[in-house]
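In UniProt numbering, the protein residues as written are 1 to 414.
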């Protein structure tokens, strides 16, 4: 790992932890340093995550490392099952066990034989060579593979039997800024546009019981690239169609609703779309004059998760005629040829160049650049986020939120 002026990139272990931390009626046990989990718990509380998954660490001593002893982990899982009666136990990898070659998968199988009534699930992307997005991808895929069950009356080799009017959101995880607000807007759109109810919000609003029903939904919404592996597995093994992507902007949200409708052979409610888009366009009429007369100030610099940056940038450029001068993703994960990954030095240079323009990025970037934190669209975060009802960036309401931010920034820089 190189030297960083700010925070180093989050590891695969952190991506797994963030993904699992919001699952109710579960327990997570890390075979690693006690300090890791104490720090992680504080970070999660700042993100607004608490009271969901039980978080435990075994601690390590010299014998565990030198002799490869795993007794401490086995004892910890036994105590957690007896004390908390979780409906699933997750084994979280950590750097030292990864280095000494501890086989968490084998331990999970051993524990599964001891406690057949409680699924014990191991995860493996905990080394230094994986970043957080790799951990998120693995966690979502493993949860789908290990916990999803066939719908009632459906044989594994037989035909599909889905609950009508239901869907899963896959990829709404605590590593994303305002992840709960974004999921809430998608739920509003799906109910208003298609009359569909969420079965499982994976993992922002999930319980172990809801994860077991993943295979019986009519549709999966994979809202980020890291959710694709889980969506593909559910399609191959449960026959569930999926739509990849998250809606941004006015026209972008309408297109997304049409795409979702096509996936299930239905047309979205035209009245809902008409009302929502008209309201958002009314708001845009107040922004367009500011863009027209202060074109030099209506310049955007965007850095964050690839789906957010691409969606917000397309909305600004294609629907409002704003200029997107620089856009970058905050993780090397993925193979996007249109959206480059910026190293710490590169995003610092971009933030400097954004003086007099509108910079939307992580809380860390905005603080360093002296920009208001109202423009934050990504983590790392520097503030407490305990309000799950903050305005989103996705959907029709997200479009209005973005336009309000941009109008105020154009006036502030004017």
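Beta carbons: idealized from backbone N, C-alpha and C, even for Gly.
Query                                                                                                                                          : Result
Assigned secondary structure, residue 7 (DSSP; H/G/I helix, E/B strand, else coil)                                                             : coil
Nearest residue (CA-CA) to residue 246, options 351, 392 and 311                                                                               : 311
Other residues of its chain near residue 327: CB distance less than 7 angstroms, five sequence neighbours each side excluded                   : 302, 309, 313 and 339
As assigned by DSSP and simplified to three states, the class of residue 290                                                                   : helix
Option in 165, 256, 317 and 193 with minimal Cα separation from residue 402                                                                    : 317
Same chain, Cβ closer than 7 angstroms to residue 405, five either side skipped, listed in chain order                                         : 374 and 375
Same chain, Cβ closer than 6 angstroms to residue 182, neighbours up to 5 away in sequence not counted                                         : 392 and 394
Nearest to residue 319 (by Cα), restricted to the options 110, 396 and 206                                                                     : 396
Exposure of residue 238, with buried meaning 16 or more beta-carbon neighbours within 10 Å                                                     : buried
Helix, strand or coil at residue 329 according to DSSP, with G and I counted as helix                                                          : strand
Residue 53 versus residue 164 - alpha carbon distance                                                                                          : 29 angstroms
Beta-carbon gap between residue 272 and residue 193 smaller than 8 angstroms                                                                   : yes
Supposed contact pair residue 215 and residue 240 - C-beta distance, whole angstroms, cut 8 angstroms                                          : 7 angstroms
Cβ neighbours of residue 177 in the same chain (closer than 7 angstroms, five flanking residues each side left out)                            : 376, 377, 378, 379 and 381
Residue interval of the beta strand (DSSP E) (run including residue 202)                                                                       : 197 to 203
Residue 256, buried or exposed, once every other Cβ within 10 Å from all chains shown has been counted against 16                              : buried
Same chain only: Cβ atoms within 6 angstroms of residue 9, ignoring 5 sequence neighbours per side                                             : 131
CB contact flag (residue 212, residue 149, <8 angstroms)                                                                                       : yes
Residues that DSSP places opposite residue 54 in a beta bridge                                                                                 : 27
Beta-carbon gap between residue 137 and residue 226 smaller than 8 angstroms                                                                   : yes
Endpoints, beta strand (DSSP E) assigned at residue 399                                                                                        : No beta strand (DSSP E) contains residue 399, which is instead part of the alpha helix (DSSP H) from 395 to 413.
Residue 476 versus residue 367 - alpha carbon distance                                                                                         : No information on residue 476 is available, as it lies outside the stretch 1 to 414 that the chain covers here.
Nearest neighbour of residue 121, chosen from 358, 108 and 289 [CA to CA]                                                                      : 108
Contacts around residue 173, its chain only, beta-carbon distance under 7 angstroms, and the 5 residues preceding and following it disregarded : 18, 19, 136, 179, 203 and 204
Per-residue burial, residue 75 [other beta carbons within 10 Å of its own, 16 or more giving buried]                                           : exposed
Close-in-space but distant-in-sequence residues of the same chain around residue 385 (CB under 6 angstroms, 5 per side omitted)                : 47 and 48
Neighbourhood of residue 159 by C-beta, 7 angstroms cutoff - its chain only, sequence neighbours within 5 removed                              : Reliability fails at residue 159, whose pLDDT of 49 lies under 50, so the model's placement of it is uncertain and no value is given.
Nearest residue (CA-CA) to residue 32, options 55, 6 and 290                                                                                   : 55
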